[in-house]
Amino acid sequence: MSVILGPHPRVTPDSDADVIVGIRAFVIGTKETEEAAGGGADCHSQASGHWIVDTPIANPMSGYCEYKASRRAWGINALGTIVVEVETRSGHVGVGVSIGGEPACFVVESHLSRFVVGQDPHCVELMWDQMFRASLNYGRKGLVVQAISAVDLAIWDVLGKVSGRPVYDLLGGKTKGRLPVYATTARPDLAKKLGFQGGKFPLPYGPGDGDAGMRANIERIKAVRESVGPDFPIMVDCYMSLTATYTVELARRIDREVPGGVKWIEEFLPPDDYEGYAEVKRRVSTTLLTTGEHEYTRWGFRQLLERKCADVLQPDITWCGGITEARRIVALASCYDVPVVPHGSSVYSYHLQYAFPSCPIAEFLILSPKGDEIVPLFGKTFTDEPLPAGGFIDLPRRPGFGVTLNRAELDLRRPFSGGLPRGLGEAEAEKDARTPTQSDWLGRAAAIPCVAVSDAEMESARAAVGGGSAATAADAAAASAAAAASPAHAAAASAAVGPPAAP
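Just so you know, we're using the working numbering here: the sequence shown kicks off at 31 and counts up by one.
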């Protein structure tokens, strides 16, 4: 029995609403120009010699010798950045970024745009729900949700500008005066000198490197611990590269052989291996276990929570569904007393974390080539991306996310321009024309003919088609019964069945 008591009329913006009149999706030129711009939203689009490119990092492709030397060898940066703009009637422009490059641009311009243009930017829930539902047949995770994320972030940015308020205000206001920050880097010792409150570094080797690789991992963790002292928190990022058995052994050896241990072991299994995560969680109690960087939407995170897979969740706000979905994930996690520490998504995650008490600390990727200085996570994408100082992030009180797209230094290219080329009035008229009345809609199914077929008619039809299959006989019997009921139905049914089989 449905709880719905009547139809929901279509949402139409108020006449004075500052509606969205345009949406545009860009890439940052070629791979070379994106690298020159500091990688944009794709932190792996870096030139050779950068630590994130050339440091040994265990990953899902490490088992293949031709791809283990660098993640770029198997195309970790193949798609690149997407930059989405939404513009309102009054000229306010919001910006959201993610990864996905030209394929994501196509999804935005040719499909998602119809759910955004003409809408009031306050209707974030409506737009998100329509984008997600309309792409279920080919989306749900991965690139499509990353495209939705970029659109959603652009909408929140423009909503803040229309309202004259920062996004963290729209989410409920600050829950902390300053946001503590830890660093992800190849050099936690330098991160400590730069004032960060902890340091995370990549695990070099995986199961494919055998016992020698395990020994080298332990030596690397020991060396990092010795370089920062006993009290500085260190974490190990395994980037989906291990097995449950290997992870349990790694945790056991860290506990036994590394004085001071590590704060957490991160993303040690592929993201869909919920049972594997739960097994490791049951068997390891000497360190925290974290994951979620490559998980999508509340439904994926519900699996992690219900199966008790992790101590900390790490959604990427530019991938998991944007602010609209991330706030649901944070709320869901709070029911389980599981903190949320988003994967490094810079200013977009900072606003979320300011607004929720269960987001205790932020991640900052140190993307200087040698890990020795603080540079913007999104490279040259923005002119004013906030940077940490003294181990904290302080956000300026500016509308939206408070950042400005750096048009002067970005080679922004719009590969598609599907969008809605017609005017808003025409778009609204088209939506009206597509919206059926409740009585017409519920009457459509009743108009479909349904003809009862008796056993005798079934046997007669089977003989008529030369003893064919039961399905063919049923079709023929339906045609015969329909003929008796209605000549029009008879013609349609006969056409569907076709001529009888040759004897």
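Where a beta carbon is used, it is the ideal one built from N, C-alpha and C, also for glycine. The structure displayed is predicted, hence computed values, not measured ones.
Check	Outcome
G183: first and last residue of the uninterrupted alpha helix (DSSP H) it sits in	Checking the sequence, you will find Leu at residue 183 rather than Gly. Element bounds for L183: G172 to S193.
Cβ separation of D267 and L318, assumed to be a contact under 8 Å, to the nearest whole Å	13 Å between Cβ atoms; not a contact.
Three-way DSSP call (helix, strand, coil) for S140 in this model	helix
Where the alpha helix (DSSP H) through R54 begins and ends	That residue, R54, is in no alpha helix (DSSP H); its beta strand (DSSP E) goes I50 to I58.
Three CB pairs or more closer than 8 Å across the segment 133 to 153 and the segment 46 to 59	yes
For S45, the residue or residues it bridges with in DSSP	The partner list for S45 (beta bridge, DSSP) is empty, contrary to what the question assumes.
Residue(s) in a DSSP beta bridge with D267	P232 and E296
Same chain, Cβ closer than 8 Å to L415, neighbours up to 5 away in sequence not counted	Residue 415 is actually Glu in this sequence, not Leu. S376, V377, P406, L407, F408 and V433.
Beta carbon of V360 nearer than 8 Å to that of L335	no
Per-residue burial, I264 [other beta carbons within 10 Å of its own, 16 or more giving buried]	buried
Whole alpha helix (DSSP H) elements within the segment 337 to 399, 4-residue minimum	352 to 364 and 376 to 385
Span of the alpha helix (DSSP H) around V197	V197 to L200
Own chain, CB closer than 7 Å to G290, minus 5 neighbours either side, in chain order	R255 and P260
Backbone secondary structure at T411 - three-state DSSP	coil
Boundaries (first-last residue) of the alpha helix (DSSP H) holding Y5	As displayed, the chain neither begins before 31 nor continues past 533, which places residue 5 out of reach and without an answer.
For P210, the first and last residue of its enclosing alpha helix (DSSP H)	Taken as a continuous stretch (DSSP letters only), P210 belongs to no alpha helix (DSSP H), being part of the beta strand (DSSP E) at L209 to T214.
Inter-residue spacing [alpha-carbon to alpha-carbon] between P479 and A164	30 Å
At least 3 beta-carbon pairs within less than 8 Å: the segment 204 to 213 vs the segment 383 to 400	yes
Stretch-stretch touch, CB-based, cutoff 8 Å, three pairs: the segment 426 to 446 with the segment 124 to 139	yes
Which listed residue (I178, D424, E132 and V292) has its alpha carbon closest to that of R144	I178
Candidates H80, E132, E115 and E323, of which the one nearest Y269 by Cα	E323
Neighbourhood of K311 by C-beta, 8 Å cutoff - its chain only, sequence neighbours within 5 removed	L319, K338, C339, A340 and D341
C-beta contact flag for V175 and W329 at 8 Å	no
Cβ contact (3+ pairs, closer than 8 Å) linking the segment 98 to 118 and the segment 419 to 430	no
8 Å Cβ cutoff met for T111 and G172	no
Range covered by the alpha helix (DSSP H) that runs through I251	G240 to V258
According to DSSP, residues forming a beta bridge with T118	I50
Spatially closest choice to T214 from G121, T273, K400 and V197, by CA coordinates	K400
Rounded distance between the beta-carbons of P86 and Y235, thought under 8 Å	7 Å
Under 8 Å between C-beta atoms of F162 and V113	no
L109, DSSP secondary structure in three states	coil
Backbone secondary structure at A88 - three-state DSSP	coil
Buried versus exposed call for Y198 [16 or more other C-beta atoms within 10 Å across all chains shown]	buried
Backbone secondary structure at L319 - three-state DSSP	strand
I82 in three-state terms, based on DSSP	helix
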